[in-house]
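To start, the structure itself, in structure tokens.
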Amino acid sequence: RHRDAVEYVTLETEDMKRRRLRLTSDKGNEYFIAFSREFELSDGAVIALTDDSACVIRVKEEKWLRLEPYDVPTAIELGYFVGNLHWRVKFDGPCLSIAIEGPIQNYLDRLQHFIENDRIVKRH
Numbered sequence: 027r028h029r030d031a032v033e034y035v036t037l038e039t040e041d042m043k044r045r046r047l048r049l050t051s052d053k054g055n056e057y058f059i060a061f062s063r064e065f066e067l068s069d070g071a072v073i074a075l076t077d078d079s080a081c082v083i084r085v086k087e088e089k090w091l092r093l094e095p096y097d098v099p100t101a102i103e104l105g106y107f108v109g110n111l112h113w114r115v116k117f118d119g120p121c122l123s124i125a126i127e128g129p130i131q132n133y134l135d136r137l138q139h140f141i142e143n144d145r146i147v148k149r150h
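In structure tokens:
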């Protein structure tokens, strides 16, 4: 029934945590949503539904900068460094992945002292 009437709003991952959003769909319609702290927005959530149309949330695929420290002391220093910057991270074996929430060059600039001294390797 909603086959040609479904519109989508695409959000960045960090926007999923916000409680109030002003959004524009792929069809140009504007939406303002506000919800309580107990509500958790998710990929595929329907934010508007009528007899004639529906609006669905899509989340952009998150980008990660994957780094492998050269040695254990560097791993500890890197962990301390990114922790102080409050960067979101995940771990995969010897690698530390940093969630990219802005221009990647900003992250590379902050990590320059690790990179220029060959203390970390960027992995894909």
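The numbering of the sequence shown is the numbering used here, which starts it at 27 and goes up by one. By construction, the Cβ of each residue, glycine as well, lies at the ideal position given by its N, Cα and C atoms. As the structure is a computational prediction, the values presented were derived from the model and not from experiment.
The beta-bridge partner set that DSSP reports for F58 consists of R48. When the five nearest sequence neighbours on each side are left out, the beta carbons in the same chain lying within less than 8 Å of the beta carbon of A101 are those of P95, P120, L122, in order along the chain.
Going by DSSP, A74 is part of no alpha helix (DSSP H) but of the beta strand (DSSP E) stretching over 72 to 75.
Note on F58: under 16 other CB atoms within 10 angstroms of its CB, so exposed under the neighbour-count rule. For D97, the closest of V32, G70, E33, N143 by C-alpha to C-alpha distance is N143. Straight across, the Cα-Cα distance linking R44 with E66 is about 9 Å.
In its chain, beyond the 5 residues on either side, R45 have a beta carbon closer than 7 Å to the beta carbon of F61. In the DSSP annotation of this structure, Y96 is not part of any alpha helix (DSSP H), being labelled neither H nor E. For a cut-off of 8 Å, the C-beta gap from R136 to L93 is around 12 Å, too long to register as a contact. In the three-state reduction of the DSSP assignment, D118 falls in the strand class. Assignment of beta-bridge partners to Y34 by DSSP yields V82.
With respect to E38, K86 sits close: the two C-beta atoms are nearer than 7 Å.
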